[in-house]
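Remarks on the structure that follows.
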Amino acid sequence: MNIPFLSLQEVNARYADELKVAAGRVIDSGWYVLGEELRSFEREFADYIGVRHALGVGNGLDALALILRGYKELGAIVDGDEVIVPGNTFIASFLAVTENRLVPVPVEPDPVSFNIDPACVEAAIGPRTRAIMAVHLYGQVANMPALAALARKHNLLLIEDAAQAHGAMRDGRKAGAFGNAAAFSFFPGKNLGALGDGGAVVTDDEALAERVAALRNYGSDVKYHHLFQGLNSRLDEIQAAMLRVKLRYLDEDIAWRRRVALRYREGIHHPHITLPSVAQEEEHAWHLFVVRCAHRDALQQHLHACGIQSQVHYPVPPHRQPAYASLRNAHLPVTERLHNEVLSLPMAPTLCADAVDRVVEACQAFECPA
Ligand SMILES: *Cc1c(COP(=O)(O)O)cnc(C)c1O
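Here it is in structure tokens:
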């Protein structure tokens, strides 16, 4: 039997009965946008993360963009200001910046953790820098203590792209509770996934929460009164109801992911496969299990021949995409090497020990091309 990278069907089948009850409740309620389910989910998710406010929005990209837009409305950022971003991230981190007519300044990751390197951040801070956007890549929290110290020293906003890090922690604190604000995605494949698109902004900043609440709803605070030129980006009631069910199982799911990761780490010992480095085993949320191999494409083909599906996150960094031709000349050798070497092994809260062992065996049997 083939081993899929991630079977969303299996993931959601475990809660199918509860999901159907929740969907039925929304269908019967006759209220489908900005209602009780969303309010309840926002309360429950804010409590889970450990922050005062959570605001459901349409997707993770909008969550990131709305944080920046909110700080523009508050006068903390203006057009043309710079936001420091990791070079090795999903393109949404960049799109949120440019969508707001701000300038992304990509910097290198730490080559061991893959997360943004605070020393590179400090070197990139200039007169127009207003914010640092940290991405908790693959489910491991970035070096937030160092980034928070830099943000304080240089009077910058610290924003978290926590789209891959629901439930991840550092020093006992959850991803999303470190910066001025954080963005989550509930895309179906994330650690906490809806049955469609969804996202959230979380923050302790009352003023930002008010701005985002209005901006997501046509810039309106009171119906038909518009404070801002907002957009329509709301987490609808059905998705909020799905997420309320799945949030209750998130910690169990993450514990399962940790067991998978541990089994990989104990089993794979190959001279040409580098395992991911882990600062704290019990704090990593293991959205992805990413190994490195100089012969990445050959390894992927070998796994494929063994009936194992793997993926590359991500094959081309944002500054090498046609969409960002203006950043083409950025000098980011660590980022570029990572993009050539990374391979994500199957990872899911449904992956059984036998399947993990088969992946381990296949990795161990990999013969490098001469
Ligand atoms: C998934 C993801 C996003 C975007 O979330 P969507 O809900 O798909 O818009 C942003 N940043 C990172 C790092 C992601 O992995």
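Quick note: numbering that gives the first Met the number 0 has the sequence shown finishing at residue 369, numbered continuously throughout.
Yeah, the Cβ is synthetic: ideal placement off N, Cα and C, and Gly gets one too.
From a predicted model like this one, the values you see are computed outputs, not experimental measurements.
Considering only DSSP beta bridges, list what residue 81 is partnered with.
Numbered from 1 along the sequence shown, position 82 holds the residue referred to as residue 81. Paired residues: 102 and 128.
Bridge partner(s) assigned by DSSP for residue 142
Along the sequence shown, one-based indexing puts residue 142 at 143. Note: residue 142 sits in no beta bridge, so no partner.
Identify every run of the beta strand (DSSP E) within the segment 187-253, keeping only runs that are complete inside it and at least 3 residues long; order them along the chain.
198-202 and 219-221
Rounded C-beta distance between residue 82 and residue 129? I'm assuming under 8 Å.
As a first step, residue 82 must be located in the sequence shown, where it is residue number 83. As a first step, residue 129 must be located in the sequence shown, where it is residue number 130. Rounded, the Cβ-Cβ distance is 7 Å, consistent with contact.
Where residue 343 falls, given that 16 or more other Cβ within 10 Å makes a residue buried:
Translated into the one-based positions of the sequence shown, residue 343 becomes position 344. Label assigned to residue 343: buried.
I'd like the span of the alpha helix (DSSP H) that includes residue 311, first residue to last.
Translated into the one-based positions of the sequence shown, residue 311 becomes position 312. From DSSP, residue 311 is part of no alpha helix (DSSP H); its letter is neither H nor E.
Do residue 193 and residue 25 have their beta-carbon atoms positioned less than 8 Å apart in this structure?
Working through the sequence shown from its first residue, we reach residue 25 at position 26. Working through the sequence shown from its first residue, we reach residue 193 at position 194. For residue 25 and residue 193, no; Cβs fall outside 8 Å.
So what does DSSP say about residue 336, is it helix, strand or coil?
Translated into the one-based positions of the sequence shown, residue 336 becomes position 337. Helix.
Quick check on this structure: which residue in 163, 178 and 141 has the alpha carbon closest to the alpha carbon of residue 154?
Reading the sequence shown from its first residue, position 155 is the one you call residue 154. The residue with the shortest Cα to Cα distance from residue 154 is 178.
To the nearest angstrom, how far is it from the Cα of residue 151 to the Cα of residue 317?
Translated into the one-based positions of the sequence shown, residue 151 becomes position 152. Translated into the one-based positions of the sequence shown, residue 317 becomes position 318. Rounded to the nearest angstrom, the two C-alpha atoms are 28 Å apart.
Candidates 244, 99 and 93: which alpha carbon is nearest residue 21's?
Here the question's residue 21 lines up with position 22 in the sequence shown. Comparing Cα-Cα distances from residue 21 to each of 244, 99 and 93, the minimum goes to 244.
Is any non-hydrogen atom of ligand 1 found closer than 7 Å to the C-beta of residue 385, if you look at the structure I gave you?
Only positions 0 to 369 of the chain appear in the structure, and residue 385 is not among them; the question remains open.
Taking only runs that begin and end inside the segment 271-331, name each unbroken beta strand (DSSP E) of 3 or more residues, in chain order.
288-291
Pairwise C-alpha distance: residue 224 and residue 253
As a position in the sequence shown, residue 253 is number 254, starting the count at 1. As a position in the sequence shown, residue 224 is number 225, starting the count at 1. Near 43 Å, if we compare the C-alpha coordinates of residue 224 and residue 253.
Cβ-heavy atom distance, residue 166 to ligand 1, below 7 Å
Numbered from its first residue, the sequence shown carries residue 166 at position 167. No, since every heavy atom of ligand 1 falls outside the 7 Å radius drawn around the Cβ of residue 166.
Alpha carbon of residue 357 to alpha carbon of residue 180, nearest angstrom
For the purposes of this step, residue 357 is identified with residue 358 of the sequence shown, where counting begins at 1. For the purposes of this step, residue 180 is identified with residue 181 of the sequence shown, where counting begins at 1. For residue 357 and residue 180, the distance between alpha carbons rounds to 41 Å.
Bridge partners - residue 158, DSSP secondary structure assignment:
As a position in the sequence shown, residue 158 is number 159, starting the count at 1. Note: residue 158 sits in a beta bridge opposite 132 and 180.
Is residue 169 helix, strand or coil when you go by DSSP?
Residue 169 sits at position 170 when you count from the first residue of the sequence shown. Residue 169 falls in the strand class under three-state DSSP.
Name the DSSP bridge partner or partners of residue 269?
If you number the sequence shown from 1, residue 269 lands on position 270. Partner(s): 272.
Taking 7 Å as the cut-off, is the C-beta of residue 96 nearer than that to any heavy atom in ligand 1?
Residue mapping note: residue 96 aligns to position 97 of the sequence shown, counting from 1. Incorrect: residue 96 has no Cβ contact closer than 7 Å to ligand 1.
Could you give the first and the last residue of the continuous alpha helix (DSSP H) run that contains residue 350?
Here residue 350 refers to the residue found at position 351 of the sequence shown. That residue, residue 350, is in no alpha helix (DSSP H); it is neither H nor E in DSSP.
Who pairs with residue 373 in a beta bridge, going by DSSP?
Since the first and last residues shown for the chain are 0 and 369, residue 373 lies out of range.
Can the beta-carbon of residue 377 be found less than 8 Å from the beta-carbon of residue 238?
The chain is shown only over 0 to 369; residue 377 falls outside these bounds and no answer can be derived.
When DSSP builds the beta bridges, which residues end up paired with residue 372?
The structure shown has nothing for residue 372, since the chain only spans 0 to 369.
In whole angstroms, what separates the C-alpha of residue 195 from that of residue 236?
As a first step, residue 195 is located in the sequence shown; it is residue number 196 there, counting from the start. As a first step, residue 236 is located in the sequence shown; it is residue number 237 there, counting from the start. Going from the Cα of residue 195 to the Cα of residue 236 covers about 12 Å.
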